[in-house]
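In this text, residue positions in the sequence shown follow the numbering used here: the first is 4, and each later residue adds one.
Heads up: the structure comes next, in structure tokens.
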Amino acid sequence: MRRAFQTLAALLASLTLGGCLSSGAALTQASTPALPPGALSLRPSLPKSGNAPLSGRAEQGALAAQYQALQFGAVGQAVPWSADGYRGEVVPTQLYRIGSQDCRGYTHVVTRGSATTRQVGTACRSGVDTWTPVG
Numbered sequence: 004m005r006r007a008f009q010t011l012a013a014l015l016a017s018l019t020l021g022g023c024l025s026s027g028a029a030l031t032q033a034s035t036p037a038l039p040p041g042a043l044s045l046r047p048s049l050p051k052s053g054n055a056p057l058s059g060r061a062e063q064g065a066l067a068a069q070y071q072a073l074q075f076g077a078v079g080q081a082v083p084w085s086a087d088g089y090r091g092e093v094v095p096t097q098l099y100r101i102g103s104q105d106c107r108g109y110t111h112v113v114t115r116g117s118a119t120t121r122q123v124g125t126a127c128r129s130g131v132d133t134w135t136p137v138g
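Okay, structure coming up:
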């Protein structure tokens, strides 16, 4: 009975490890973060890498980083991201108020290979957690 239990335990352990190793992706790729609902409004402000739009995963990473920088980032502190051969960072400026809206400038740099795109923009908070690009 004891030998049967040991065999069963070894079989279960090897199946579990085999499942992890066969997928490979789970060991080498970070999962794409879920986007906060307020991040989608920033889509029009994303820089393009050359003339090509970002891949889906890169766009999600860029949106998440831009939202994180605007909503929670410290002034001058880069929020990095990377996906599908793209990498970038968003650096927020000081929060300021225009009328009843909080606004913030940012610089978003996207790199793919040797091509780098730098975009400077401003977004204002509309509602509790939504940022809308202006200008």
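Here a beta-carbon is modelled for each residue, glycine too, at the ideal position from N, C-alpha and C.
Every value quoted in this text rests on a predicted model; they were computed, and no experiment measured them.
Going by DSSP in three states, residue i sits in which element: helix, strand or coil?
i, result
"Leu-1", "Since the first and last residues shown for the chain are 4 and 138, residue 1 lies out of range."
"Gly-41", "helix"
"Pro-47", "helix"
"Gly-64", "helix"
With distances taken from CA atoms, which of the options is nearest residue i?
i, options, result
"Tyr-99", "Thr-125, Thr-133, Gln-71, Ala-68", "Thr-125"
"Ala-42", "Gly-79, Gln-69, Val-78", "Gln-69"
"Gly-88", "Thr-110, Ala-72, Leu-57", "Leu-57"
"Ala-61", "Thr-110, Cys-127, Thr-114, Thr-135", "Thr-114"
"Gln-97", "Thr-133, His-111, Ala-77, Gly-116", "Ala-77"
"Gly-116", "Gln-74, Ala-86, Gln-63", "Ala-86"
"Phe-75", "Gln-122, Tyr-109, Val-137", "Tyr-109"
"Arg-107", "Arg-90, Pro-136, Ser-44", "Pro-136"
"Arg-90", "Ala-65, Ile-101, Gly-102", "Ala-65"
Which residues in the same chain have their Cβ closer than 6 Å to the Cβ of residue i, if we skip the five residues on either side of it in sequence?
i, result
"Ala-37", "none"
Bridge partners for residue i per DSSP, in chain order?
i, result
"Ala-86", "Tyr-89"
"Ala-81", "Answer is none; Ala-81 lacks a bridge partner."
"Val-113", "Gly-91, Thr-120"
"Arg-107", "Leu-98, Ala-126"
"Pro-136", "Ala-126"
Compute the beta-carbon to beta-carbon distance between residue i and residue j, rounded to the nearest angstrom, for a pair I have assumed lies under 8 Å.
i, j, result
"Ala-140", "Val-94", "Residue 140 is absent from the model: the chain starts at 4 and stops at 138."
Note down, in chain order, each residue of its chain lying with its Cβ closer than 8 Å to the Cβ of residue i, except the 5 sequence neighbours on either side.
i, result
"Glu-92", "Ala-68, Ala-81, Val-82, Pro-83, Trp-84, His-111, Val-112"
"Gln-104", "Cys-127, Arg-128, Ser-129"
Quick one: residues in its chain with C-beta nearer than 7 Å to the C-beta of residue i, no 5 flanking neighbours on either side, listed in chain order?
i, result
"Gly-79", "Val-94"
"Pro-3", "The first residue shown for the chain is 4 and the last is 138, placing residue 3 beyond what the model contains."
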